[in-house]
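*Asks:* Below are the structure tokens for one structure; questions will follow.
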Amino acid sequence: MGAKKWLRGLVALCATAVLGVAMAQTKGPDPAYAKQQDATLQQMKGNLAKSAESKIKFVDVTTCYSCHKDIKEFHLNSKHSNVNCAYCHTGAENHLAKNGKADGINQSIGTRTDHAACATCHQEQFNSFATVNHESGAKIEKATARGVSPLFDKLMAPHGFTREHNEPRSHVFMNLDHLIVDRSYGGRFQLKDWTYITDSKAVLTNMWELVLKDADPANSDQKIFLPGTATAANPVCMNCKSFDNILKWKYMGDPDPRAKWSRVSKPVEFARDVNHALNCYMCHDPHSSAPRVVRDALIQAVVDRGEGTYPYDKAKSEKNPMKKVTFRDGFRAIGLLSKPDSVLMCAQCHVEYNCNPGFEPGAGPNGTDKPVTMADQRTNLFQWSNVFDYNKKMVDKFGNFKDFRHSVSGAALSKIQHPETETFWMSKHEREGVQCKDCHMGKVDKGGKTFTNHQQKSPRFMLKETCVKCHGEMTEQDAKYQIDSIQNYTRGKIAKAEFWLAQLIDTFARARAVGVAPEAIKAAQKHHDDAQTQWEWWTAENSVGFHNPAAARKSLTQSVAESQAGIKVLTDAMAAKTAVPVAAAAPAAPPGPATATK
Numbered sequence: 000m001g002a003k004k005w006l007r008g009l010v011a012l013c014a015t016a017v018l019g020v021a022m023a024q025t026k027g028p029d030p031a032y033a034k035q036q037d038a039t040l041q042q043m044k045g046n047l048a049k050s051a052e053s054k055i056k057f058v059d060v061t062t063c064y065s066c067h068k069d070i071k072e073f074h075l076n077s078k079h080s081n082v083n084c085a086y087c088h089t090g091a092e093n094h095l096a097k098n099g100k101a102d103g104i105n106q107s108i109g110t111r112t113d114h115a116a117c118a119t120c121h122q123e124q125f126n127s128f129a130t131v132n133h134e135s136g137a138k139i140e141k142a143t144a145r146g147v148s149p150l151f152d153k154l155m156a157p158h159g160f161t162r163e164h165n166e167p168r169s170h171v172f173m174n175l176d177h178l179i180v181d182r183s184y185g186g187r188f189q190l191k192d193w194t195y196i197t198d199s200k201a202v203l204t205n206m207w208e209l210v211l212k213d214a215d216p217a218n219s220d221q222k223i224f225l226p227g228t229a230t231a232a233n234p235v236c237m238n239c240k241s242f243d244n245i246l247k248w249k250y251m252g253d254p255d256p257r258a259k260w261s262r263v264s265k266p267v268e269f270a271r272d273v274n275h276a277l278n279c280y281m282c283h284d285p286h287s288s289a290p291r292v293v294r295d296a297l298i299q300a301v302v303d304r305g306e307g308t309y310p311y312d313k314a315k316s317e318k319n320p321m322k323k324v325t326f327r328d329g330f331r332a333i334g335l336l337s338k339p340d341s342v343l344m345c346a347q348c349h350v351e352y353n354c355n356p357g358f359e360p361g362a363g364p365n366g367t368d369k370p371v372t373m374a375d376q377r378t379n380l381f382q383w384s385n386v387f388d389y390n391k392k393m394v395d396k397f398g399n400f401k402d403f404r405h406s407v408s409g410a411a412l413s414k415i416q417h418p419e420t421e422t423f424w425m426s427k428h429e430r431e432g433v434q435c436k437d438c439h440m441g442k443v444d445k446g447g448k449t450f451t452n453h454q455q456k457s458p459r460f461m462l463k464e465t466c467v468k469c470h471g472e473m474t475e476q477d478a479k480y481q482i483d484s485i486q487n488y489t490r491g492k493i494a495k496a497e498f499w500l501a502q503l504i505d506t507f508a509r510a511r512a513v514g515v516a517p518e519a520i521k522a523a524q525k526h527h528d529d530a531q532t533q534w535e536w537w538t539a540e541n542s543v544g545f546h547n548p549a550a551a552r553k554s555l556t557q558s559v560a561e562s563q564a565g566i567k568v569l570t571d572a573m574a575a576k577t578a579v580p581v582a583a584a585a586p587a588a589p590p591g592p593a594t595a596t597k
């Protein structure tokens with residue numbers, strides 16, 4: 000077999016090893032999923048013929064199969080069977096010359112991680128992803144009078160999120176926004192000009208050259224460049240923004256000679272190696288088009304810990320299983336889904352998770368806090384719990400990991416991330432089988448073809464395609480009114496929870512000033528911890544209660560009750576501390592002569 004023929008195949012199977020596909024015995028996509036993609040397949044063939052085939056030197060996939068036998072059946076039976084390896088891989092000659100062996104920590108074959116590789120065929124999906132969602136408005140901090148949490152900075156002091164914590168915007172900017180947010184890199188990375196804040200084309204083309212400037216390109220140390228900033232970023236939190244590192248990161252981010260990056264890598268160096276937000280292959284297997292996930296902490300929670308895809312519904316988990324597939328001797332893993340489930344796909348990011356160092360309260364010498372560094376796997380952790388079980392699970396399962404101590408109360412607290420998935424569990428919509436895509440990725444008819452909108456936006460901006468599609472009795476005005484009603488009600492409960500948490504924090508200050516007993520402070524801190532979790536869950540979660548209105552109400556009213564209980568502990572202790580002891584009170588006057596009566 001000539002060298003040309005070898006080139007014609009090796010690349011596709013390499014894709015399997017490096018990006019991860021199912022084993023040979025795994026079946027292709029289910030019939031419903033395949034049928035849904037028929038129109039896209041026809042479009043794909045047309046686009047390939049018109050554009051890419053004239054520019055790309057094809058390889059013979061049978062040559063690839065000769066080495067990568069575990070992918071042959073999976074690839075041949077898939078919607079991507081006509082997609083040549085060369086569309087996504089480069090450098091086949093070098094790969095062949097090295098017999099497929101890696102160049103140190105780098106693969107000997109190139110793998111494209113950009114969206115344009117998929118856009119060759121899936122143009123409309125790409126265009127929608129790259130479109131700015133002007134309807135949702137510009138990013139705004141949550142800790143403003145207009146935000147969902149005006150008292151956030153007081154309640155979260157001194158956590159890094161108090162430097163800047165924004166409402167979400169278009170996914171295409173998620174990597175950019177992480178780099179420029181004031182809490183991450185000390186102000187190192189800045190926009191070249193504010194006009195780039197909406198330039199999705201430049202972000203997708205070459206973000207580092209066209210959009211960003213680095214205050215110190217010759218140095219990679221985390222340090223403060225601008226006042227009011229922090230250096231809280233680390234490699235784990237980048238995995239929620241991009242998976243450009245899919246071939247350079249070992250499962251769970253453990254250090255490995257074969258891995259360029261790990262949990263303990265320098266954040267600035269890691270960030271500079273990331274270019275693309277929300278890669279297509281995070282949800283779509285590039286070799287088979289089958290649904291999958293790649294986020295390691297999610298796979299660990301669902302498969303390794305055996306908690307299932309829906310931990311509060313064993314039957315549903317069994318109907319929607321995830322299969323863990325490892326490759327490169329366990330270096331990497333993916334989670335193959337039995338059928339498309341956007342709740343699980345979105346759960347790669349839209350969850351509460353640990354992504355930073357922390358501590359175990361009082362677990363160190365002489366009752367000091369025991370540090371938990373990035374070397375600990377708990378810094379890459381999906382708790383996979385709802386709000387009501389969260390604190391207990393953290394104690395029982397994860398060593399009572401905490402993120403920070405409050406600057407006034409001294410309570411050890413958690414920093415909740417964006418728990419949309421856990422909030423959605425057991426809600427009315429989830430029980431009815433609704434998925435994220437049904438509300439946030441409506442179907443679009445264009446030019447006689449139907450495709451899924453990948454702009455991912457609120458259903459309030461496409462009510463006809465989402466709410467009204469299922470609720471035929473509603474008008475679009477009715478649907479918007481109901482959304483607003485739920486969110487307005489939840490905002491009121493959030494405000495009440497914030498008010499009482501602020502009262503609790505102020506009471507801590509007064510209690511410390513009068514020197515109340517440490518036991519009282521400790522008891523009140525437990526109430527603070529519980530109240531904080533039950534409040535912040537709903538400021539971190541991005542539906543303002545809509546994903547689960549009943550859970551929001553229950554949780555936020557519990558937060559109020561916990562704050563009030565903590566206040567009572569402290570006020571009782573202060574009253575006992577300042578009361579005049581009975582023994583020191585002035586003696587009672589001796590009884591006088593009997594009062595004369597008439």
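For the sequence shown, numbering that gives the first Met the number 0 assigns the number 0 to the initial residue and increments by one for each residue that follows.
Even glycine gets a Cβ: it sits at the ideal position worked out from N, Cα and C.
Measuring CA to CA, which of 154, 100 and 196 is closest to residue 133?
*Replies:* When only C-alpha atoms are compared, the closest one is 196.
*Asks:* Got a sec: is the Cβ-Cβ distance from residue 300 to anything in chain C below 9 Å?
*Replies:* Of the protein chains in the structure, only one exists, and it is not chain C.
*Asks:* Apart from the five residues on each side of it in sequence, which residues of its chain come closer than 8 Å, Cβ to Cβ, to residue 100?
*Replies:* 107.
*Asks:* Going by C-alpha to C-alpha distance, which of 272, 285 and 94 sits closest to residue 66?
*Replies:* Residue 94 is the option with its Cα nearest to residue 66.
*Asks:* Going by beta carbon distance, what residues of the same chain come within less than 6 Å of residue 225, once the five residues before and after it are set aside?
*Replies:* So the qualifying residues of the chain are 186.
*Asks:* Counting only the same chain and skipping the five closest in sequence on each side, list residues whose C-beta sits under 6 Å from that of residue 320.
*Replies:* Result list for residue 320: 337, in chain order.
*Asks:* Please work out which residues of its chain come closer than 8 Å, Cβ to Cβ, to residue 578, disregarding the five sequence neighbours upstream and downstream, and give them in chain order.
*Replies:* Excluding positions up to five away in sequence, the list is empty.
*Asks:* Based on the DSSP secondary-structure assignment, which residues constitute the bridge partners of residue 401?
*Replies:* DSSP output for residue 401 lists 358 as bridge partner(s).
*Asks:* Less than 6 Å between C-beta atoms, sequence neighbours within five positions excluded: which residues of the same chain meet that for residue 212?
*Replies:* Hits under 6 Å: 189 and 191.
*Asks:* Enumerated in chain order, which unbroken segments of the beta strand (DSSP E) with a length of 3 residues or greater are wholly contained in the stretch 159 to 221?
*Replies:* As far as the stretch 159 to 221 is concerned, its whole beta strand (DSSP E) runs of at least 3 residues are 188 to 190 and 211 to 213.
*Asks:* For residue 321, does the three-state DSSP call read helix, strand or coil?
*Replies:* In the structure shown, residue 321 sits in a strand (DSSP, three-state: E or B).
*Asks:* By Cβ distance below 6 Å, which residues in the same chain neighbour residue 180 in space, the five residues on each side in sequence not counted?
*Replies:* The residues are 163.
*Asks:* For residue 75, count neighbouring C-beta atoms within 10 Å of its own C-beta (all shown protein chains included) and say buried if the count is 16 or more, exposed if not.
*Replies:* Flag for residue 75 reads exposed.
*Asks:* Closest to residue 316 by C-alpha separation, out of 324, 323, 322 and 307, would be which residue?
*Replies:* Closest by alpha carbon: 307.
*Asks:* Residue range of the beta strand (DSSP E) that residue 331 falls in?
*Replies:* That run of the beta strand (DSSP E) goes 331 to 336.
*Asks:* Quick check: residue 330 and residue 259, are their CB atoms within less than 9 Å of each other?
*Replies:* No, they are not a contact pair.
*Asks:* Is residue 318 near the ligand SAM - that is, is its Cβ less than 8 Å away from at least one heavy atom of it?
*Replies:* For the ligand SAM, the structure offers nothing, since it holds no ligand at all.
*Asks:* For residue 254 and residue 263, which I take to be in contact (beta-carbon distance under 8 Å), what is that distance rounded to the nearest angstrom?
*Replies:* Correct: roughly 6 Å between the Cβ atoms.
*Asks:* Under 8 Å, with one C-beta from each stretch per pair, do the stretch 512 to 531 and the stretch 422 to 435 reach the 3-pair mark?
*Replies:* With the cut-off at 8 Å, the stretch 512 to 531 and the stretch 422 to 435 do not touch.
*Asks:* When you compare the stretch 264 to 277 with the stretch 439 to 447, are there three or more beta-carbon pairs, one atom per stretch, that lie closer than 8 Å?
*Replies:* Output reads no: the stretch 439 to 447 does not touch the stretch 264 to 277.
*Asks:* Suppose contacts are defined by Cβ-Cβ distances below 9 Å. Is residue 469 in contact with residue 285 by that definition?
*Replies:* Going by C-beta atoms, residue 469 is not nearer than 9 Å to residue 285.
*Asks:* Could you give the C-beta distance for residue 292 and residue 246, rounded to a whole number, given that I count them as a contact under 8 Å?
*Replies:* No, residue 292 and residue 246 are not in contact; Cβ-Cβ is about 17 Å, not under 8 Å.
*Asks:* Would you kindly work out how many angstroms separate the C-alpha atoms of residue 406 and residue 503, rounded to a whole number?
*Replies:* Each residue's alpha carbon lies about 13 Å from the other.
*Asks:* Report the residue from 560, 519, 544 and 455 whose alpha carbon sits nearest the alpha carbon of residue 570.
*Replies:* Closest option to residue 570, Cα to Cα, is 519.
*Asks:* Output the residue ranges of the alpha helix (DSSP H) runs that lie fully inside the stretch 460 to 503 and measure 4 residues or longer, sorted by chain position.
*Replies:* DSSP runs (the alpha helix (DSSP H)) wholly in the stretch 460 to 503: 466 to 469.
*Asks:* Are the Cβ atoms of residue 382 and residue 397 separated by less than 9 Å?
*Replies:* Contact flag set, yes.
*Asks:* Cutting at 8 Å between CB atoms, please list the residues of its own chain near residue 392, excluding the five before and the five after it.
*Replies:* So the list reads 382 and 384, once near-sequence residues are dropped.
*Asks:* Mapping the DSSP letters down to three states, classify residue 601 as helix, strand or coil.
*Replies:* Outside the displayed span of the chain (0 to 597) sits residue 601, for which this structure offers no information.
*Asks:* Please state whether DSSP places residue 109 in a helix, a strand or coil.
*Replies:* If DSSP states are grouped into helix, strand and coil, residue 109 belongs with the strands.
*Asks:* Evaluate contact between the stretch 366 to 379 and the stretch 473 to 491, counting only Cβ atoms and requiring at least three cross-stretch pairs below 8 Å.
*Replies:* Cβ pair count under 8 Å is below three, so no.
*Asks:* Going by the beta-carbon positions, is the gap between residue 563 and residue 499 smaller than 9 Å?
*Replies:* Yes, Cβ-Cβ distance for residue 563 and residue 499 is below 9 Å.
*Asks:* CB residue 114 to CB residue 283, shorter than 9 Å?
*Replies:* Not in contact: residue 114 and residue 283 (Cβ atoms no closer than 9 Å).
*Asks:* Just curious, the alpha helix (DSSP H) that residue 224 is in, first and last residue?
*Replies:* Unbroken run through residue 224: none, as it is neither H nor E.
*Asks:* Pick helix, strand or coil for residue 526, following the three-state DSSP scheme.
*Replies:* Correct three-state label for residue 526: helix.
*Asks:* Where residue 368 and residue 399 are concerned, what is the direct C-alpha to C-alpha distance, given to the nearest angstrom?
*Replies:* Whole-angstrom Cα-Cα distance: 11 Å.
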